[in-house]
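Chains as they are written, first to last, in numbering that gives the first Met the number 0: chain A, 0 to 151; chain B, 0 to 151.
Glycine is no exception: its CB is placed at the ideal position from the N, C-alpha and C atoms.
Treat the numbers as computed from the prediction; the structure is a model and nothing was measured.
2 protein chains.
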Amino acid sequence: MTSIVSLSYKELLATFKHILKQNKLKFTNQREIVLYTLYTNTQHFTSEDLYLLIKKEYPQLSIGIATVYRTLTLLEENDIVSSISLGVQGKKYEIANKPHHDHIICEICHTIVEFENKEIEELQDVIAKENGFKLTNHLMQLYGVCKVCQEK
Amino acid sequence: MTSIVSLSYKELLATFKHILKQNKLKFTNQREIVLYTLYTNTQHFTSEDLYLLIKKEYPQLSIGIATVYRTLTLLEENDIVSSISLGVQGKKYEIANKPHHDHIICEICHTIVEFENKEIEELQDVIAKENGFKLTNHLMQLYGVCKVCQEK
DNA sequence: CTGTGTGCAAACATTTTGCAAGCAG
DNA sequence: CTGCTTGCAAAATGTTTGCACACAG
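Structure (structure tokens):
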């Protein structure tokens with residue numbers, strides 16, 4: 000539930016390198032470009048979205064979809080990115096350098112809007128306590144139709 | 000978001016038959032057993048869980064996993080069952096004959112506890128409105144460690 | 001009878017894995 | 001050099017679909 004708040008890319012990169020070193024992993028071109036692409040794009044990516052964008056932006060770079068999957072898993076395990084699950088259609092990833100927030104998803108155009116609500120988070124704590132749970136995380140997604148799609 | 004509240008199996012079955020008739024679909028043994036198994040088991044099923052349980056409980060019945068998928072989709076479209084998404088690992092289904100509720104999931108033993116909270120639902124409506132969305136549905140899952148697993 | 005439902009196997013979509021060659025440290 | 005990392009293709013997983021036969025209405 001902790002999150003790295005508003006890191007610059009330089010700081011984020013340093014964090015990543017530190018984690019790699021700690022785990023005796025290597026800093027590679029592919030790993031950096033995955034991180035950098037996530038950092039510079041605010042959208043939410045599926046593994047494939049990200050793979051295709053990287054192929055397009057760096058045609059000279061050799062990268063396979065397996066590496067994207069492996070890197071996203073690594074980044075998620077280390078809380079550098081977080082993911083939201085979208086049912087059978089898969090997962091979307093985003094950089095975790097923002098305060099905790101949840102998502103409203105448009106069922107028509109699949110736009111994702113972020114929001115934050117402290118009151119709900121407090122209520123969730125109360126609910127967990129009432130049920131004897133020690134809360135570690137939560138997932139809240141609202142589904143609806145966005146303004147643009149309502150007007151179509 | 001509407002739900003059928005606490006139906007007896009007889010009533011549920013009547014509802015199902017009515018929906019089938021309305022859509023010119025047929026009432027089959029396989030469809031009834033899927034419904035009945037979901038009704039009599041309070042647990043949350045993946046498609047495969049349900050398929051295996053039915054195979055075990057009704058060895059004489061001929062049923063394929065495709066039919067389970069097709070029936071669950073049909074039941075969900077008609078709000079007789081509802082599902083929760085569990086990331087890449089798939090979906091779990093339960094009978095929707097309960098008032099709307101959400102879930103707390105134990106990360107250790109995967110127990111699912113249901114809860115209901117009107118206050119949060121109201122806040123969700125407000126948030127959607129603030130973002131220009133017309134809310135159709137929502138998903139809220141809390142993750143934590145249940146009492147039993149905390150004591151282990 | 002008619003047309004929907006079924007099981008089966010094949011097709012699909014997404015993600016993971018084994019392997020030989022590449023490259024960071 | 002050493003051993004982690006890579007791309008590739010194959011495998012694994014979960015779900016959907018085409019088809020010929022079965023069966024509800």
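Can you say whether B/G143 is buried or exposed, counting buried as having 16 or more other CB atoms within 10 angstroms of its CB? buried
Range of the contiguous alpha helix (DSSP H) that encloses A/D48: S46 to E56
Flag this pair as yes or no: are the beta carbons of A/F114 and A/D124 separated by less than 8 Å? no
Threshold first: 4 residues or longer. Then list the alpha helix (DSSP H) segments lying entirely within the stretch 62-97 of chain A, N to C. 64-76
Closer than 8 Å between beta carbons: that is the criterion. Which residues of the stretch 109-121 of chain B meet it against chain A? V112, F114, N116, E118 and I119
From the beta carbon of B/L141, is the nearest beta carbon of chain A less than 8 Å away? yes
Excluding the five sequence neighbours on either side, which residues of its own chain have a C-beta within less than 6 Å of the C-beta of A/K23, listed in chain order? none
In the DSSP assignment, find the beta strand (DSSP E) that holds A/K117 and state where it starts and stops. That residue, A/K117, is in no beta strand (DSSP E); its alpha helix (DSSP H) goes K117 to E129.
Determine the direct distance from the alpha carbon of B/L74 to that of B/K55, and round the result to whole angstroms. 22 Å
Find the residues of chain B that neighbour A/A127, judging by a C-beta separation of less than 8 Å, and give them in chain order. I103, L141 and G143
What residues in its chain sit with their C-beta under 8 Å from that of A/L19, if we drop five residues either side in the sequence? K25, F26 and R30
Coil, strand or helix - B/S7 by DSSP: coil
Would you report the Cα separation of B/I32 and A/E118, rounded to the nearest angstrom? 43 Å
Starting from A/N40, trace the alpha helix (DSSP H) both ways and give me its first and last residue. No alpha helix (DSSP H) holds A/N40; DSSP gives it neither H nor E.
Any beta-carbon of chain A closer than 8 Å to the one on B/K151? no
Whole angstroms is fine: what's the gap from A/E10's alpha carbon to A/I103's? 29 Å
Just reading off the beta strand (DSSP E) that B/Q59 is part of, what are its end residues? Note, B/Q59: premise wrong, no beta strand (DSSP E); not H, not E.
DSSP three-state call for A/K25: helix, strand or coil? coil
Using a Cβ cut-off of 8 Å, which residues of the stretch 36-47 of chain B contact any Cβ in chain A, in chain order? none
By DSSP, does A/F15 sit in helix, in strand, or in coil? helix
Checking the sheet assignment: what are the DSSP bridge partners for B/E113? B/H102
With a 10 Å radius around its C-beta and 16 neighbouring C-beta atoms as the bar for buried, classify A/N96 as buried or exposed. buried
Residue closest to A/I126, alpha-carbon to alpha-carbon, out of B/Y35, B/L141, B/L37 and B/T72: B/L141
Length of the line joining the Cα atoms of B/K133 and A/C145: 6 Å
Skipping 5 residues on each side, what residues in its chain have a beta carbon closer than 7 Å to that of A/I111? H43, H102 and I104
Would you identify the three-state DSSP class for A/K151, choosing helix, strand or coil? coil
Under a Cβ-count criterion, where at least 16 other Cβ atoms within 10 Å of its own Cβ denotes burial, should B/S61 be classed as buried or exposed? exposed
C-beta neighbour in chain A for B/S7, strict 8 Å: no
Between B/E120 and A/I53, what straight-line distance do the alpha-carbon atoms span, to the nearest angstrom? 40 Å
Got a sec? Which residues, its chain only, sit under 6 Å from A/I94 by beta carbon, not counting five neighbours each side? L37, Y38 and V80
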